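In my numbering, the protein residues as written are 136 to 470.
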């Protein structure tokens, strides 16, 4: 992997903090490029398994090079702490969009899913199963390109060592496939199940299997058929529901063959139900920005700008009142 000295980076500010690492906005001095710098926490450094996962994530990201996957810029070790630099995606995450808007339209969901499929197919082609596909791990650029990130618990099929113990359940409860829950070997179809959960949530504003605790959620993943989208929403094309139903099959062998086939099905939905759109069939190496996602982000930024402007007005009013009150006090004191 490309080794980069830590002093190559000028840390600007902290932008994220997790259980094992801290993420900073930083500038690469040699290129003047702004990146996200992820540094393993000192406490986590002493945990051999966590350190091994972090190092493996660096190896995986170096191998992957795709417009819909967060780009890796290299990493290294500083004072015993592992670190690496990656592309800084400024548009926020899909979780941010869903938190603010509740849900997305079917065509926004199709476009987002199309790009996620492109990322997954590239990863699968390189022997990487993500195992943690969820809205918080999908980032949106300002021009509407979806970027898959956080390969911290990804399975690397090209290595003989397996950091995750056999039979151990890893992933996020809301998006875990039945085989993950049972601790069975996972395949590319495991990521496709999570994609089905993701598409359902984008359309409905909630995952297909909500619950009060992980035991209840696990039981639904294992035994309960997902509720049909059309029974809950009248604006979803029927073929879209069929895709989600196939993705959420309990048996991995009953799910679509691969992410590329799902991508083709999503494209057909777009062509069939939006004939006025200029929909292009793009190959895996091209991932142009989405018009619908760009519009969504523009609308969201407009709301944020309005909120910031409103807050600025409040501050300005407070400052003006404070100045007037001070002047009045001094005038009274002088008289």
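Each residue gets a CB set at the ideal place from its N, CA and C atoms; glycine is no exception. If you're wondering where the values come from, they're calculated on a predicted model, not measured in any experiment.
Query: Sequence-distant residues of its chain with Cβ nearer than 6 angstroms to residue 262 (five each side left out); Result: 292 and 293
Query: 8 angstroms Cβ cutoff met for residue 268 and residue 330; Result: yes
Query: Spatial neighbours of residue 85 in its chain, beta-carbon cut-off 6 angstroms, leaving aside the 5 residues before and after; Result: Nothing about residue 85 can be reported from this structure: the residues present for the chain run from 136 to 470 only.
Query: Exposure label - residue 359; buried when at least 16 CB within 10 Å; Result: exposed
Query: Paired residues, beta bridge with residue 213 - DSSP; Result: 216
Query: Residue burial classification, residue 373 (beta-carbon count within 10 angstroms, cutoff 16); Result: exposed
Query: Residue 203, buried or exposed, once every other Cβ within 10 Å from all chains shown has been counted against 16; Result: buried
Query: Segment contact, 8 angstroms Cβ cut-off, at least three pairs: the segment 316-335 with the segment 382-392; Result: yes
Query: Residue from 144, 166 and 165 whose Cα sits closest to the Cα of residue 158; Result: 144
Query: Beta-carbon proximity check, residue 220 vs residue 208, cutoff 8 angstroms; Result: yes
Query: Contact check, residue 205 vs residue 283, beta carbons under 8 angstroms; Result: yes
Query: At least 3 beta-carbon pairs within less than 8 angstroms: the segment 344-354 vs the segment 305-320; Result: yes
Query: Extent of the continuous alpha helix (DSSP H) run through residue 180; Result: 177-180
Query: 8 angstroms Cβ shell around residue 342 - same chain, five flanking residues per side excluded; Result: 309, 310, 332, 335 and 336
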